[in-house]
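One structure is given below, encoded as structure tokens.
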Amino acid sequence: MTLPPTAVPPAVRPASAPPHPVARPALPDRPAAPYAPAARVPRPRIEGDWFLVPAPQRHRPFRLFCFPHAGGDATAYTPLAHALAPVAEVWALRPPARGGRSRHPMPSDFDALVAAVAEALTPHLTGGAGSRVGFYGQSLGALLAYEVARALPADRRPELVVAVGAPPPAEWSGRRGKDPDAAELLRMTGLEDLVRADPVLADLALATLRADLAVSGTYRHRPHAPIGSALHAVAGADDPMLATGGLGGWAAHTRGAFTQRVVPGGHLLATVDLPGPVDLLVSLVTGRPAPVASPATPREQ
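The sequence shown begins at 1 in our numbering and counts up one residue at a time.
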């Protein structure tokens, strides 16, 4: 009987074949098992026109809305967003007239800005059952964060407001003409070096600062009932613009818990290069005590 050319009788083994399989020698420098692929990090996303989420979290943690300083943008909070994950998810405000919103005009006055931010923020205040929300603002952003919290209905206000590098609201009225100009403010906030080598970038930064200072100059403090949110006033020990001994004035603006703290740093704590007061924020969100910073003596301006 002639077998097809592709068939081999099962009982027949070529004489040259060994009786048992021979182990193949291991290749040099080859790992015994392949490494697991790195976990995929969610990409930053934009929520509407107004918010940047630099480090999205899948498990809906504490949502911390961050308000930039005068002349600042949402990207300043990128290091903070990564440092706080997974305890909190940062939603950074994207103010008009800069960055990706350069074609969006700034509202005509501070009250209009507060109303616009409150309207944009309201749909994002709840992330599901048991969701928690807080506000964090620096300098002019601290005043904006507080006034936006006050503009919201009482049952939609944040659990806490962290005001950094800012005097109490009553001290903002009538400040126009007393504050440094945009160029001096750029120097005092430590941002001058970031734009020194690029005249175009410097011009953009100065134009944005001037626009924000013009809006802040329209702010008028009006007596009102304090909010129920916990309020935490914070200042950098080396802040050249704020008398840290005056932080206690914020206490009159809340019926909730109030704390004041001086931490290492200057006028701006969270920047494109520094995450800011991460330990303090983790403590406020989780309820665990924050590490005690080196004692700092409050300085009068």
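Note that beta-carbon positions come from the ideal geometry of N, C-alpha and C, so glycine has one too.
Values in this document were obtained by computation on a predicted structure and should not be read as measured data.
- Just measuring C-alpha positions, the residue of P61, E47 and F67 sitting nearest L84 is P61.
- Secondary structure within the stretch 116 to 175: the alpha helix (DSSP H) runs of 4 or more consecutive residues, fully enclosed, are 140 to 151 (chain order).
- The distance from the Cβ of A120 to that of F135 is about 14 Å, inconsistent with a contact at the 8 Å cut-off.
- In the three-state reduction of the DSSP assignment, V262 falls in the strand class.
- About 6 Å separates the beta carbons of L269 and G236, which is inside the 8 Å limit, making them a contact pair.
- Cβ-Cβ separation between W91 and V117: approximately 12 Å, too far for a contact (criterion under 8 Å).
- Put simply, the stretch 271 to 288 touches the stretch 68 to 82. At least three CB pairs are less than 8 Å apart.
- The three-state secondary structure of T218, taken from DSSP, is coil.
- Per the Cβ contact rule, the stretch 67 to 74 is not in contact with the stretch 245 to 265 (fewer than 3 Cβ pairs under 8 Å).
- Taking C-beta separations shorter than 6 Å and ignoring five residues to either side along the sequence, the partners of H232 in its chain run V162 and T259, following chain order.
- P199 has its alpha-carbon roughly 10 Å from the corresponding atom of L206.
- Each of A230, A154, D155 and W172 was checked against the Cα of S139, and the nearest Cα belongs to W172.
- Taking the Cα positions, A214 is about 25 Å away from T244.
- About 11 Å separates the Cβ atoms of R63 and E47, ruling out a contact at the 8 Å cut-off.
- Counted as a single uninterrupted DSSP element, the stretch harbouring A92 is not any alpha helix (DSSP H) but the beta strand (DSSP E) occupying residues A88 to L93.
- In the same chain as P289, and ignoring 5 residues on each side of it, the C-beta atoms closer than 8 Å to its own belong to S283, in chain order.
- Per the C-alpha coordinates, the member of P240, P226, D238 and L242 positioned closest to A251 is P226.
- Shown here, T271 sits in coil according to DSSP, grouped into three states, outside any helix or strand.
- Counting of Cβ neighbours within 10 angstroms places P153 among the exposed residues, the total staying below 16.
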